[in-house]
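4 protein chains.
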Amino acid sequence: MTQVRSIAFVGLGIMGLPMAINLVKAGFEVTGYTLEAERTQRLAAEGGKAAGSIAEAVGGADAVITMVPDSPDVEAVLLGEDGVFANAASGALVIDMSTIRPDVARTVSEEGAKRGFRVLDAPVSGGEAGAVEAKLSIMVGGDTADFATARPVFDVLGTTPVHVGPSGAGQTVKAANQLIVAGNIQLVAEALVFLEAHGVDTEAGLEVLNGGLAGSTVMTRKGEAMRHRRFEPGFRIALHDKDMKIVTTAAREAGVAIPLGALVAQFVGALKAQGHGGLDHSALLKIVEQLSAGER
Amino acid sequence: MTQVRSIAFVGLGIMGLPMAINLVKAGFEVTGYTLEAERTQRLAAEGGKAAGSIAEAVGGADAVITMVPDSPDVEAVLLGEDGVFANAASGALVIDMSTIRPDVARTVSEEGAKRGFRVLDAPVSGGEAGAVEAKLSIMVGGDTADFATARPVFDVLGTTPVHVGPSGAGQTVKAANQLIVAGNIQLVAEALVFLEAHGVDTEAGLEVLNGGLAGSTVMTRKGEAMRHRRFEPGFRIALHDKDMKIVTTAAREAGVAIPLGALVAQFVGALKAQGHGGLDHSALLKIVEQLSAGER
Amino acid sequence: MTQVRSIAFVGLGIMGLPMAINLVKAGFEVTGYTLEAERTQRLAAEGGKAAGSIAEAVGGADAVITMVPDSPDVEAVLLGEDGVFANAASGALVIDMSTIRPDVARTVSEEGAKRGFRVLDAPVSGGEAGAVEAKLSIMVGGDTADFATARPVFDVLGTTPVHVGPSGAGQTVKAANQLIVAGNIQLVAEALVFLEAHGVDTEAGLEVLNGGLAGSTVMTRKGEAMRHRRFEPGFRIALHDKDMKIVTTAAREAGVAIPLGALVAQFVGALKAQGHGGLDHSALLKIVEQLSAGER
Amino acid sequence: MTQVRSIAFVGLGIMGLPMAINLVKAGFEVTGYTLEAERTQRLAAEGGKAAGSIAEAVGGADAVITMVPDSPDVEAVLLGEDGVFANAASGALVIDMSTIRPDVARTVSEEGAKRGFRVLDAPVSGGEAGAVEAKLSIMVGGDTADFATARPVFDVLGTTPVHVGPSGAGQTVKAANQLIVAGNIQLVAEALVFLEAHGVDTEAGLEVLNGGLAGSTVMTRKGEAMRHRRFEPGFRIALHDKDMKIVTTAAREAGVAIPLGALVAQFVGALKAQGHGGLDHSALLKIVEQLSAGER
Numbered sequence: 000m001t002q003v004r005s006i007a008f009v010g011l012g013i014m015g016l017p018m019a020i021n022l023v024k025a026g027f028e029v030t031g032y033t034l035e036a037e038r039t040q041r042l043a044a045e046g047g048k049a050a051g052s053i054a055e056a057v058g059g060a061d062a063v064i065t066m067v068p069d070s071p072d073v074e075a076v077l078l079g080e081d082g083v084f085a086n087a088a089s090g091a092l093v094i095d096m097s098t099i100r101p102d103v104a105r106t107v108s109e110e111g112a113k114r115g116f117r118v119l120d121a122p123v124s125g126g127e128a129g130a131v132e133a134k135l136s137i138m139v140g141g142d143t144a145d146f147a148t149a150r151p152v153f154d155v156l157g158t159t160p161v162h163v164g165p166s167g168a169g170q171t172v173k174a175a176n177q178l179i180v181a182g183n184i185q186l187v188a189e190a191l192v193f194l195e196a197h198g199v200d201t202e203a204g205l206e207v208l209n210g211g212l213a214g215s216t217v218m219t220r221k222g223e224a225m226r227h228r229r230f231e232p233g234f235r236i237a238l239h240d241k242d243m244k245i246v247t248t249a250a251r252e253a254g255v256a257i258p259l260g261a262l263v264a265q266f267v268g269a270l271k272a273q274g275h276g277g278l279d280h281s282a283l284l285k286i287v288e289q290l291s292a293g294e295r
Numbered sequence: 000m001t002q003v004r005s006i007a008f009v010g011l012g013i014m015g016l017p018m019a020i021n022l023v024k025a026g027f028e029v030t031g032y033t034l035e036a037e038r039t040q041r042l043a044a045e046g047g048k049a050a051g052s053i054a055e056a057v058g059g060a061d062a063v064i065t066m067v068p069d070s071p072d073v074e075a076v077l078l079g080e081d082g083v084f085a086n087a088a089s090g091a092l093v094i095d096m097s098t099i100r101p102d103v104a105r106t107v108s109e110e111g112a113k114r115g116f117r118v119l120d121a122p123v124s125g126g127e128a129g130a131v132e133a134k135l136s137i138m139v140g141g142d143t144a145d146f147a148t149a150r151p152v153f154d155v156l157g158t159t160p161v162h163v164g165p166s167g168a169g170q171t172v173k174a175a176n177q178l179i180v181a182g183n184i185q186l187v188a189e190a191l192v193f194l195e196a197h198g199v200d201t202e203a204g205l206e207v208l209n210g211g212l213a214g215s216t217v218m219t220r221k222g223e224a225m226r227h228r229r230f231e232p233g234f235r236i237a238l239h240d241k242d243m244k245i246v247t248t249a250a251r252e253a254g255v256a257i258p259l260g261a262l263v264a265q266f267v268g269a270l271k272a273q274g275h276g277g278l279d280h281s282a283l284l285k286i287v288e289q290l291s292a293g294e295r
Numbered sequence: 000m001t002q003v004r005s006i007a008f009v010g011l012g013i014m015g016l017p018m019a020i021n022l023v024k025a026g027f028e029v030t031g032y033t034l035e036a037e038r039t040q041r042l043a044a045e046g047g048k049a050a051g052s053i054a055e056a057v058g059g060a061d062a063v064i065t066m067v068p069d070s071p072d073v074e075a076v077l078l079g080e081d082g083v084f085a086n087a088a089s090g091a092l093v094i095d096m097s098t099i100r101p102d103v104a105r106t107v108s109e110e111g112a113k114r115g116f117r118v119l120d121a122p123v124s125g126g127e128a129g130a131v132e133a134k135l136s137i138m139v140g141g142d143t144a145d146f147a148t149a150r151p152v153f154d155v156l157g158t159t160p161v162h163v164g165p166s167g168a169g170q171t172v173k174a175a176n177q178l179i180v181a182g183n184i185q186l187v188a189e190a191l192v193f194l195e196a197h198g199v200d201t202e203a204g205l206e207v208l209n210g211g212l213a214g215s216t217v218m219t220r221k222g223e224a225m226r227h228r229r230f231e232p233g234f235r236i237a238l239h240d241k242d243m244k245i246v247t248t249a250a251r252e253a254g255v256a257i258p259l260g261a262l263v264a265q266f267v268g269a270l271k272a273q274g275h276g277g278l279d280h281s282a283l284l285k286i287v288e289q290l291s292a293g294e295r
Numbered sequence: 000m001t002q003v004r005s006i007a008f009v010g011l012g013i014m015g016l017p018m019a020i021n022l023v024k025a026g027f028e029v030t031g032y033t034l035e036a037e038r039t040q041r042l043a044a045e046g047g048k049a050a051g052s053i054a055e056a057v058g059g060a061d062a063v064i065t066m067v068p069d070s071p072d073v074e075a076v077l078l079g080e081d082g083v084f085a086n087a088a089s090g091a092l093v094i095d096m097s098t099i100r101p102d103v104a105r106t107v108s109e110e111g112a113k114r115g116f117r118v119l120d121a122p123v124s125g126g127e128a129g130a131v132e133a134k135l136s137i138m139v140g141g142d143t144a145d146f147a148t149a150r151p152v153f154d155v156l157g158t159t160p161v162h163v164g165p166s167g168a169g170q171t172v173k174a175a176n177q178l179i180v181a182g183n184i185q186l187v188a189e190a191l192v193f194l195e196a197h198g199v200d201t202e203a204g205l206e207v208l209n210g211g212l213a214g215s216t217v218m219t220r221k222g223e224a225m226r227h228r229r230f231e232p233g234f235r236i237a238l239h240d241k242d243m244k245i246v247t248t249a250a251r252e253a254g255v256a257i258p259l260g261a262l263v264a265q266f267v268g269a270l271k272a273q274g275h276g277g278l279d280h281s282a283l284l285k286i287v288e289q290l291s292a293g294e295r
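Which chain is which? The protein sequence lines are E, W, H and B, in order.
Going by numbering that gives the first Met the number 0, the first residue of the first sequence is number 0, and it counts up by one from there.
Going by numbering that gives the first Met the number 0, the first residue of the second sequence is number 0, and it counts up by one from there.
Going by numbering that gives the first Met the number 0, the first residue of the third sequence is number 0, and it counts up by one from there.
Going by numbering that gives the first Met the number 0, the first residue of the fourth sequence is number 0, and it counts up by one from there.
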């Protein structure tokens, strides 16, 4: 394939819709489909086209982007009878940008290849703000040539598209991302509650911590909100819980121990079980508070 | 006190000597004392003065800086018969920049106050390189007025002196720093071994991870060395082990749970027990490797 | 159904064969089938019948017992085209004694009910010795009436058949069993290495520990072998690793935090990854040793 | 020394008083001292003698038993100016039955030896009930000959006095005991909440679990109370928290990793921080509930 001009975009949720709109603004011909017709209309209002089915959306598209919640959704959308592989033009580039299990990414890639498609897994990091502002980090697994073809698309959506390896590698890196992020949040939470309990000025404390080896993007972006117990998402605990399951399973399959990851996965799961699945993942601080002294 | 001109510097180790030299270069009159006479001579060669005892060093100094390994050393140097409080000029500013237990910092501060001294706890972060390049982060506990008096001294030694609270607060923030740093290293190690096991290009992987919410100073400064298993210190496991004991104890005293901190403390202790106390703390990656598949 | 006289026994492995032989000795008419014909012949030599297929085995049997390694095996044996549900006499009692996922147990039970079968999940605890000596603990999920019908069969195989709830409950209790057992082994291992490092007489130490509130069946049965580093199975790490996956997944689904369970699951997985999957689960002591001081 | 006839008993608390009374009943001449005069009178009412000071109590006693809360108390009682070593008859057998740090046990033993005393550390397990019913487990560190001399005393107090090694070994075994007990309680709690969440009959479930390899004295003695959320002590969280600090510190000193121990220590500390220090240690179940789904 030489160049991508027309794109079918399947899945216009919180992430997918602003991404599709950014592609429209960049001059791509974008046809969208999602379960909620209202959201498809919002894409149309921005200059895209609205399709009533996957088949209609992917018709003659050079590339198909999927952005759906979980592994079974990707399987349904790509492999289903009414799905992408059954209806897209042979040779189309298929880019799954959902966050799913690496092994499922490999499976659908192989399945697509059998039917003549070139499939990339390209999950993103950066949240709704990153999607709207086109500042997503994009971790891409698949063939080098396909990455090159998709590159102009990725450049519209984010600032850091990186080709990290063969099929599934993008999802693997995303899994590692979620492991580190959850762990960093928990560590900042433990440190913050510890400092508070000792009567330290935490605004000054976080400033100096962030200026040294303890510094992190988590502290920069979430530290102040955590100090003030503002836990509006952001990135929801319920989604992070799904992702922690992905990384613990993928680590087990690879024979790799992730003891800190496994422990923080328990706390993410605990928050969800407590009914806090809708809060930002920085609400891990609640777990530290529950386990510590103070009025409750 | 109006202004600090003369400084006694007790403890001219890996950190202390370059710090004292930087103060000499900045125009302070610095008299040094340390157990190894050879190191005192190195200070003298740079324009400082060499003292043969604490008493001689602190004689008429406006300020005394102590930089020694551990809590008992600080107690000995400050409280001992031949120590600082017994020999320094009344009213001198005493700045302990060692990393010690917060409760000991409070105790020596109170003890100093009884004898007419103004005591700050001002531990640093940034390692040998930070000491040499005068880029230390400095976390200061004590009175606001004393912090203001000491500020010109701190500005010579580092880039981020921050007053974080009353006596002991500097050590508390340093303890939190060590908790987060050990945890972040362990998380990066878990992610790295996980990515390797899945055949991901880890150079590209770390790049994209560091560009997103998973990014951290640990990843920036230690990631490449960890990829290549280069574990020269840097900051030694044996010292980090001491610091993890400080933070776990201080958290327990405050009634704060630090489950991730307590778990990574076990791994830091394990490395030390294995005889790796002299390696950089990024050698936590060895623990992850030991617990994972592969030739060994 | 009034009474079980004829039994088809599918899966004559380390556990299944001695169980089937015990049923023969107790007077049941037992027809066996397993993939290795040689093992079927061993049953025949003890007075059972050898079948060449599941269909042949289950022909007119009052009850079918399945004893196979993992969830997919149970699905294949029960649900497959050549499997039990497709070939057994309508109304037969189907007892799955394998250790599998509780949700799979529920699924096959429902599937069996649709086709007119009464299905119990009845995993066991006690290992090869328990199977040979007919001293298995049996945890049974399913209908009370079916449990009553199966009771005479269970009484031949073990000493403690207990009806613990509806379909799937047997597997849930077995999962809890594996959680506690792995945790207890790890705790005894931590205590033992700790005592050795302090120069305590561990034979006397374990004796007094086992006589008090710290006492456990793990200590009674495994303590001496652990002291002497004898790790012949017994129950293999590879199987316990499978079971830890079952319990961590089932706990997540139920919204229950099992932090100690999740951590010890990492260590069981680590042992397997290190190539020790064939050792007894008491080899968790190796992990404690690796993480501790001493010649290695 | 040939035989112990007269005993000074220092510390007549929940444990000490019934122990002292049992010694009176067994025919020993027992003189008691404790801070609360009322409790000394209760001993006198049972046939013992009441002393108004340690000096008066230990006067001509063949043996001195101390039973006080913590390490500093033992140091004060044994080493203080008005203490045991300053006032007891030279050559007396000194038996500390408190639960304290192994290193403190070794220190006071050495200190006693310098002054001509023979010192044993002999902490107990079994709680108030064990003290009253004379069914304590007793773990004894010190010289073999001294253990033999003390044996008749121990036989009155408990059923399992065991000599486990040199001075300090008794406390080390007690520390290991507390590690295992806390861990076992946490594991039973995780299993119990897990079973409840899956709708299992937990009475039947615990029965079958306790009959197999998962069985333990914790399950036997605490299982029913945990099912019904009855957390009256028994053994208080506040004391167990102290003991977890002892074992984590002693493990660190020995270079031994106790990851499960360190994690459960966090949860014991959390319960205490939450204000539940007065509940039985089986209240660890509350932590599991907090971290899990359900009405709250």
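Yeah, the Cβ is synthetic: ideal placement off N, Cα and C, and Gly gets one too.
Bear in mind the structure is a predicted one, so any value in this text is a computation, not a measurement.
Report the three-state DSSP secondary structure of P160(E) (helix, strand or coil).
strand
Please tell me whether S136(B) and G164(B) are closer than 8 Å, where the distance is taken between their beta carbons.
no
Where the segment 166-186 of chain H meets chain B: residues whose CB sits under 7 Å from a CB there
A168, T171, V172, A175, N176, L178, I179, V180, G182, N183, Q185, L186
Rounded to whole angstroms, what is the Cα-Cα separation between R295(W) and Q273(H)?
Note that R295(W) scores a pLDDT of 39, beneath 50, so its modelled location is shaky; the value from the coordinates is reported in the next line. Distance between the alpha carbons of R295(W) and Q273(H) is about 8 Å.
Is G46(H) close to chain E, meaning its C-beta is less than 8 Å from at least one C-beta of that chain?
no
In three-state terms, what does DSSP make of S291(H)?
coil
Could you give the distance in angstroms between the alpha-carbon of G222(B) and the alpha-carbon of Q170(W)?
44 Å
Helix, strand or coil at L70(H) according to DSSP, with G and I counted as helix
Going by the sequence as given, residue 70(H) is Ser instead of Leu. Residue state, collapsed to three classes: helix.
For A56(H), does the three-state DSSP call read helix, strand or coil?
helix
Would you mind stating whether F84(W) and G111(W) have Cβ atoms separated by less than 8 Å?
yes
Cβ pair count under 8 Å reaching 3, the segment 275-284 of chain W against the segment 261-275 of chain B
no
Based on the DSSP output, what are the partners of T301(B) in its beta bridges?
Since the first residue shown for chain B is 0 and the last is 295, residue 301(B) is missing from the structure and cannot be characterised.
Whose C-beta lies closer than 6 Å to the C-beta of S5(B) among residues of the same chain, with five residues either side of it excluded?
E28, A60, D61
Are the segment 219-239 of chain E and the segment 245-265 of chain H touching, with three or more C-beta to C-beta distances below 8 Å?
no
Please give the ranges of any alpha helix (DSSP H) in the segment 115-161 of chain W, keeping only runs that are unbroken, at least 4 residues long and fully inside the region.
126-131, 143-156
Give the DSSP bridge partners of D279(E), in chain order.
R235(E)
On a Cα-Cα basis, can you pick out the residue from A49(W), L178(W), A25(W) that is closest to L11(W)?
A49(W)
Hey, how far is the Cα of R38(E) from the Cα of T106(E)?
30 Å
Taking the C-alpha atoms as reference points, what is the distance between M14(W) and T98(W)?
12 Å
According to DSSP, simplified to helix, strand and coil, what is A256(B)?
coil
Name the residue from G90(W), R220(W), G211(W), G26(W) whose alpha carbon lies nearest to the alpha carbon of V57(W).
G90(W)
In or out: G46(W) buried (at least 16 other Cβ within 10 Å) or exposed?
exposed
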